[in-house]
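A.B. asks: Take a look at this one; I'll ask things after.
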Amino acid sequence: MVSGVSKAEGVLLRHVHVAGPLTRAELAERMGVNRSTVLALTARLAQAGLISEHVPLATHRVGRPSLMVAPAADRVHALAFDVAVDRLTAARVALGGQVLARRTAPRPRAGADLEVVVEALATMGTDLHRTAPAGSVCAGVGASYCGMIRRADGMVRYGPDLGWVDQAFGAALGARLGLGLPVAVGNEAHLGALAEHVRGAGAGLRNLIYLHGDVGVGGGIIVGGELLDGDGGYGCELGHMLVNPYGGRRCSCGSRGCLEAEVGERALLDAAGRPASATGRDAVRAVIADAAAGDRRAAAAVRSIGDWLGIGVVNLINLFNPAMLIFGGTMSDVYRAAADRVRFRIASNVLPVSRERVQLCTPLLGDDTTVAGAAELAFADLLADPLGQGALAPTA
Ligand SMILES: [Zn+2]
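Counted the way numbering that gives the first Met the number 0 counts, the sequence shown spans residues 0 to 395.
Following this line, the structure appears as structure tokens:
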């Protein structure tokens, strides 16, 4: 979704966007080109205001130091949005990945129409755009959404948590923002996988799986350095992997015994005997805290959920032989509490050679994974062809 052929300027800009400042010599080595090529590329990128060059503060080498090349983080940013189940987020993210400013608003679980969500996001986004330093430029807009997204136009084809079917989310948000920029929309777990792959726990790994818990459970699979998103962009619905068809819990998708039905928020809260009115991450964390404090019903619920999670993970490791599995969102809370059950399942049921090296962890980017992924989506066009977009217009 953000891969493809990049111009040489884009390759260089991506290196400093991901790694931070690098010397011209390091860039030449990473890109496999000579230093005069790097010189020509940096000249064009500096002219466009996308990088800056400076003499390194200290060098132990004799002779003229190689100039440091840094992304123009103080000038170029993207707007990134995240529609999660309980929370709406807007952030201004610098080229280079640093979150410069953010706004959040609670999101009611029921009755959140497209117009309501778009209005709330656009209000926060417009505020971030207005308060950006004079002369800075917005290179793109990206949004993370907890549902199945059509890549081409950011249409939410299916968003069970909000009851959305075929809602033109990307187009509506773009129109309401009025920046003249399209809004690239991605599935939250796809974007979480992307962010952790680019600059998180899985940086440098070519094969990883990201499991994201919200009310439901989503996934993102990186194979050979690329997101495996399928024919229409709807792949990696790991939450709807069938694990318990006989007598399993009813799933939001209409099926029965999906992984999401067995390990999602409601499964844990029901198993712990919590009332239907208890929802959200705080309720999940309360069960986990009670389990740790010795509450037997809560502890049994955590063990049971951990076992089902382990069954899902076993299938994923056997199928994809990932180097790493990352548990994000509420799955990070569940995984931390039930890691022993997950590991027991892996030891019992994964083919020995496939479990030799697999690492299990939580996101390095914490709860920023989805926003960071949306920012990567927003920067994708710029990084593919930095000089091809014409002049980036300053915000003020
Ligand atoms: Zn399902």
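Even glycine gets a Cβ: it sits at the ideal position worked out from N, Cα and C.
Ignore the nearest five residues each way along the sequence and tell me which others in N186's own chain have a CB closer than 6 Å to its CB.
C.D. replies: I148
A.B. asks: Would DSSP call A248 helix, strand or coil?
C.D. replies: Correcting the residue identity first, residue 248 is Arg in this sequence and not Ala. Correct three-state label for R248: coil.
A.B. asks: Using the beta-carbon count (16 or more within 10 Å), is Q166 buried or exposed?
C.D. replies: Classification for Q166: buried.
A.B. asks: If we count the other Cβ atoms within 10 Å of its Cβ and call it buried at 16 or more, is D339 buried or exposed?
C.D. replies: exposed
A.B. asks: Are G224 and R150 close, meaning C-beta to C-beta below 7 Å?
C.D. replies: no
A.B. asks: Report yes if the C-beta distance between A100 and R91 is below 7 Å; otherwise report no.
C.D. replies: Less than 7 Å divides the Cβ of A100 from the Cβ of R91.
A.B. asks: Is it buried or exposed for P385, if we count other Cβ within 10 angstroms and need 16 for buried?
C.D. replies: buried
A.B. asks: Do L364 and G199 come within 7 Å of each other at the CB atom, strictly closer than that value?
C.D. replies: yes
A.B. asks: Report buried or exposed for V242, applying the criterion of at least 16 other Cβ atoms within 10 angstroms of its Cβ.
C.D. replies: buried
A.B. asks: When you get a sec, list the residues whose CB is within less than 5 Å of any heavy atom of ligand 1, chain order please.
C.D. replies: H239, C250, C252, S254, C257
A.B. asks: Does the beta carbon of A270 come closer than 7 Å to any beta carbon on chain B?
C.D. replies: Reference to chain B is not applicable here, since this structure consists of a single protein chain.
A.B. asks: Would the segment 328-345 and the segment 282-299 be scored as touching if the rule is three or more Cβ pairs under 8 Å?
C.D. replies: yes
A.B. asks: In this structure, how does DSSP classify L241 when only helix, strand and coil are distinguished?
C.D. replies: strand
A.B. asks: Starting from R150, trace the beta strand (DSSP E) both ways and give me its first and last residue.
C.D. replies: R150 -> no beta strand (DSSP E), and no H or E assigned at all.
A.B. asks: Is the CB-CB distance between L56 and I50 below 7 Å?
C.D. replies: With contacts defined as CB atoms closer than 7 Å, L56 and I50 fail to qualify as a contacting pair.
A.B. asks: Please determine, among G263, P244, L120, the residue with the shortest C-alpha to C-alpha distance to S254.
C.D. replies: Checked all of G263, P244, L120; the closest Cα to S254 is P244.
A.B. asks: Could you give the DSSP three-state label for V1: helix, strand or coil?
C.D. replies: For V1, the predicted structure reports a pLDDT of 44, less than 50, and the residue's modelled location is therefore unreliable. A value from the coordinates is still provided. Correct three-state label for V1: coil.
A.B. asks: Between E28, L315, A77, G19, which lies nearest to A69 when the distance is taken from Cα to Cα?
C.D. replies: G19
A.B. asks: Measuring from the CB of F168, is there a heavy atom of ligand 3 at a distance below 6 Å?
C.D. replies: Ligand 3 is absent from the structure shown, which contains only ligand 1.
A.B. asks: Among residues of its own chain, excluding the 5 on either side of S2, which ones have a beta-carbon nearer than 7 Å to its beta-carbon?
C.D. replies: Reliability fails at S2, whose pLDDT of 45 lies under 50, so the model's placement of it is uncertain and the value that follows must be treated cautiously. Closer than 7 Å at Cβ, skipping near neighbours: E225.
A.B. asks: Does DSSP put N186 in a helix, a strand or coil?
C.D. replies: strand
A.B. asks: Rounded to whole angstroms, what is the Cα-Cα separation between D73 and G96?
C.D. replies: 11 Å
A.B. asks: If you follow the beta strand (DSSP E) that P105 is in, where does it begin and where does it stop?
C.D. replies: Per DSSP, P105 belongs to the beta strand (DSSP E) from 98-105.
A.B. asks: In three-state DSSP terms, what is S51?
C.D. replies: strand
A.B. asks: If you run the structure through DSSP and keep just helix, strand and coil, what is A69?
C.D. replies: strand
A.B. asks: In or out: L11 buried (at least 16 other Cβ within 10 Å) or exposed?
C.D. replies: Counting C-beta atoms within 10 angstroms of its own C-beta, L11 has 16 or more neighbours from the protein chains shown and is therefore classed as buried.
A.B. asks: Can you tell me the Cα-Cα spacing of N314 and V349, whole angstroms?
C.D. replies: 8 Å
A.B. asks: Per DSSP, D81 is paired with what?
C.D. replies: Under DSSP, D81 shares a beta bridge with T88, S143.
A.B. asks: Between A47, R29, E25, which has its C-alpha nearest P64's C-alpha?
C.D. replies: Nearest neighbour of P64 by Cα position, chosen from A47, R29, E25, turns out to be E25.
A.B. asks: Between E195 and G201, which are expected to be in contact by the criterion C-beta below 8 Å, what is the C-beta distance as a whole number of angstroms?
C.D. replies: Contact flag correct, Cβ pair sits at about 5 Å.
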